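Everything on this sheet refers to the single structure shown next.
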Amino acid sequence: MGHGNRVHPMPYTDPAVPLQPRPMVPKKDIAVYGYGSVAWKDRMEEWKKRQNDKLQVVKHEGGNDGGNGEELDDADLPMMDEGRQPLSRKLPIPSSKINPYRMIIIIRLAILGLFFHYRLLHPVRDAYGLWLTSVICEIWFAVSWILDQFPKWYPIERETYLDRLSLRYEKEGKLSELASIDVFVSTVDPMKEPPLITANTVLSILAVDYPVDKVTCYVSDDGAAMLTFEALSETSEFARKWVPFCKKFNIEPRAPEWYFSQKIDYLKNKVHPAFVRERRAMKREYEEFKVRINGLVSTAQKVPEDGWTMQDGTPWPGNCVRDHPGMIQVFLGHSGVRDVEGNELPHLVYVSREKRPGFEHHKKAGAMNALIRVSSVLSNAPYLLNVDCDHYINNSKALREAMCFMMDPTSGKKVCYVQFPQRFDGIDRHDRYSNRNVVFFDINMKGLDGIQGPIYVGTGCVFRRQALYGFDAPITKKPPGKTCNCLPKWCCCLCCCSRQNNKTKQKKDKTKKSKQREASKQIHALENIEEGISESNTLKSSEASQVKLEKKFGQSPVFVASTLLEDGGIPQNASPASLLSEAIQVISCGYEDKTEWGKEVGWIYGSVTEDILTGFKMHCHGWRSVYCIPKRPAFKGSAPINLSDRLHQVLRWALGSVEIFLSRHCPIWYGYGGGLKWLERFSYINSVVYPWTSIPLLVYCTLPAICLLTGKFIVPEISNYASLIFMALFISIAATGILEMQWGGVGIDDWWRNEQFWVIGGVSSHLFALFQGLLKVLAGVSTSFTVTSKAADDGEFSELYLFKWTSLLIPPTTLLVINIIGVVVGISDAINNGYDSWGPLFGRLFFAFWVIIHLYPFLKGLLGKQDRMPTIILVWSILLASILTLMWVRINPFVSKDGPVLEVCGLNCDD
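With numbering that gives the first Met the number 0, the residue at position 753 of the sequence shown is 752, and numbering never jumps.
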């Protein structure tokens, strides 16, 4: 797409090809035309020469600073110069798909209004408690739907042009002008995050299709494990063979574990024998590499009493995980280390920040902030990519895809990050627990991209370093307004009034944003120092600015100076030893004290889901983000596929949302007056409010069983009007889902699995996260839920059938049991009472089956491969269901307080 025939605004011929003279009247003498001012031959030759010069040498001086607007507007330049064209473009959803979708949303809103009008005006007198409870739950669901639905009003897709990126920044015979990128890989415990997986991620980064001198890979070892250090050393040695092999044959993916596990016939299509020979040799090398890594893992199982020692006999600094100095080791990038073919390799740096008792280290967010400071001292690339240790680069051109947005001279300056969707390996075909999250990544994120950009999801994201420093987005200058003298006087008066209002408004905005632009003023002041301005007032202001910058970024002069370099880079005269010493200083425990790290700078602290907070703060500063979906997935990772691990993953996400909701950064009340758009705010509000939906969802899923056990219902006898409203509501819900699947490219299986797991996670993980978050934030009590493995099966996807006991399984299991009991009781009661009781029963049964069908994947997860429920789950569920049933028989809040209605049976009991 986008690479069709180009239309030229004027005829163009290649000067290298000789032109054949083709006059319209060959026999006519040129003297007959007379004398004029048009010298045809000279003008044509001059024009062709000018065109040829412009095509051969295209100057792009604005590649790093937004481009030269005058040069871009040159009318003599043909459109065939792709080096001057935009590097990406938006692809709006076709109107045939998006317009019906928007119409259905409006219709659904109207139907919801009619639905609540009916529900509120028709209470159920004999079950008032049931009716009121259900209406409250339904109102909450409607509000949640609005928060989720309207951010999807402007979905878009995007297309990149990698060939134009090369034409603009990689001219033949010249050094590459592509921007440098620092890549962050974070890991903590090598026993939970296997070193072989981390090694594959690092290898895919080192072999990426990008200039080697522009890539630096930083691996953060927050557990200070010698196993990770040694595994990274082995990885750097194997990279000397793996990287040239990847680039020589242009293979995909460039993570060896997944490349060699592909079930494809690499010998078809007449493959060159040299490739076959080298591939087999490389596979043997990789198997030997795996043996060495696995040997390190087995050795690390038994830690010596005195701890580990280095090769020179000195103790390993990280023997005490919670008390050790900072460590930095450059494995690749120093002089003399090249690949087996003599070519330069990307830099590879091991980092483990200092840990001391009594300091708050802020987990992953603190580790990422340490990497920001280390990288700014050692390489200071203007762009950063962060990936989890289990997310390898699946598309070697992923960095180029991101640069099509970041380095676009027309729109790239306001982009704070480029987010890629998460794709996963090792998930079963049915995706029982919605691990792929396709609905979120292919529908919700496309909708946000049409507003202010997608939210940051924690991995697979390329950042602009300046945006992470807490600076505001650059202000876009609006073109001057047009004037017209043909309007009547009263229109002119209105225009003048509106202009005066706009001027006063602009003055207010300027005073309002003066504080926000303080950082940019400080930068200009420091630039004045470098230029040697000697005025006393400038020196005083610059000294004050330097103090303010140090309060914001810390006491490292090297790091503070690097924050002022928008295009990155390090001092040419700085020695590696001095830079390394400074890098050790910036990862010390006390460096962040009394600074704005974690508050306004870097990854934001205050939640276990630091990704949401970090992206939210950037959007509040006026930045926009971009969602990039290449045809070949940019990154792939692993996801927990068994039920318990999946629930605990969702628990962690929901807990982070609760912490944000109860903090000062809650999007309901934070960030007004900044650059955050309203629909984008709706999305952030929805991302922190959704755990609270677990309470009405749990109650609503319990109502069917109560209705079946008591013979009551949440609605009165349904009239024809009510039937039409209910049918219209269900049809609009189905139509909304179908149209979303259509423009999002999502299959019905993925959509339905997402709906099912919304209920499963809502009544388990979200509920526990809500109470855990309230205890943690309000009472300062930290709780955790243990996960215990019970049994596993052999074979493919064996982890899917691995059962792990956790208390998160109790609420959904109890719901299943009481709803099944309710169905049995309801049907038995209808059989005993005759034909007339079946009509009212159908509504209650439909309600109960809705709950059971949504919980069906959970039931399959409990039964496992042997179709047998674990004993502990059965015991807990029967116990709770029995208690609830007995309590209901003893205390029924929905029975009339006057007692049961007694009727005379007609029998004389005294006789």
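Beta carbons: idealized from backbone N, C-alpha and C, even for Gly.
What you are looking at is a predicted structure, and each value in this text was computed from that prediction instead of being measured.
- In chain order, Ala364, Met367, Asn368, Glu609 and Thr613 place their CB closer than 7 Å to the CB of Trp602, counting only its own chain and leaving out the 5 sequence neighbours on each side.
- Excluding the 5 residues flanking it on each side, Asp424 has same chain C-beta neighbours closer than 8 Å at Trp257, Lys635, Gly636 and Ser637, in chain order.
- For Tyr258, the enclosing alpha helix (DSSP H) stretches over residues Pro255 to Phe259.
- With a 10 Å radius around the Cβ and a threshold of 16 neighbouring Cβ atoms, Pro473 comes out exposed.
- Around the beta carbon of Cys245, 16 or more other beta carbons sit within 10 angstroms, so the residue counts as buried.
- One thing to note: Ser87 has its Cβ within 9 Å of the Cβ of Phe404.
- Val607 has its alpha-carbon roughly 8 Å from the corresponding atom of Trp652.
- Non-local C-beta neighbours of Asp212 in its own chain, meaning closer than 7 Å and more than five positions away in sequence, comprise Glu343, ordered along the chain.
- Between Pro210 and Lys282, the alpha-carbon positions lie close to 26 Å from each other.
- In the displayed model, Glu343 falls within a strand according to three-state DSSP.
- Counting only the Cα atoms, Arg680 lies some 13 Å from Ile145.
- The continuous alpha helix (DSSP H) containing Val376 extends over residues Lys362 to Leu377.
- Put simply, of Leu377, Ser544, Ser555 and Val850 the residue whose alpha carbon is nearest the alpha carbon of Leu579 is Leu377.
- The Cβ atoms of Tyr699 and Ser143 lie no closer than 9 Å to each other.
- Cβ neighbours of Thr159 within its own chain (closer than 6 Å, five residues either side excluded): Ser87, Glu400 and Cys403.
- If one requires a minimum length of 4 residues, the alpha helix (DSSP H) runs lying completely within the segment 419-479 are 444-448 and 464-467, in chain order.
- Gly553 and Leu564 have their C-alpha atoms some 17 Å from each other.
- In this structure, Lys354 sits near Ala223, with a CB-CB distance shorter than 9 Å.
- Following the DSSP letters along the chain, one finds Pro556 inside the alpha helix (DSSP H) bounded by residues Pro556 to Thr562.
- Residue Phe615 holds the alpha-carbon nearest to the alpha-carbon of Ile667 among Phe615, Ser693 and Ile852.
- With respect to the C-alpha of Gly842, the residue from Leu814, Phe756, Phe712 and Leu807 having the closest C-alpha is Phe712.
- The beta carbon of Ala734 sits closer than 7 Å to those of Ile103, all from its chain and outside the five residues before and after it, given in chain order.
- Exclusion of the five residues before and after Arg631 leaves Asn394 as the residues of its chain whose Cβ lies within less than 6 Å of its Cβ.
- In this structure, Ser656 is the residue among Ser656, Leu384 and Ile732 with its C-alpha nearest to the C-alpha of Trp691.
- Pairing Ser555 with Glu581, the inter-Cα distance amounts to about 8 Å.
- Boundaries of the alpha helix (DSSP H) around Thr701: Ser693 to Thr709.
- In the three-state reduction of the DSSP assignment, Gln328 falls in the strand class.
- Sequence-distant Cβ neighbours of Asp322 in its own chain, meaning closer than 8 Å and more than five residues away, are Lys354, Arg355 and Pro356.
- Ranking Ile292, Val816 and Lys859 by CA distance to the CA of Phe228 puts Ile292 first.
- Taken in chain order, the unbroken stretches of alpha helix (DSSP H) that lie wholly in the segment 166-250 and span 4 residues or more are 194-205 and 225-248.
- Straight-line spacing of the CA atoms in Arg663 and Ile611 works out to 14 Å.
- The criterion of a C-beta distance shorter than 9 Å is satisfied by Leu661 and Leu773.
- One Cα belongs to Asp471, the other to Leu119, and the distance between them is close to 48 Å.
- Tyr855 sits in a helix when the DSSP states are folded into three classes.
- A straight-line Cα-Cα distance of about 25 Å links Ser185 and Ser577.
- Gly710 and Asp748 have their C-alpha atoms some 35 Å from each other.
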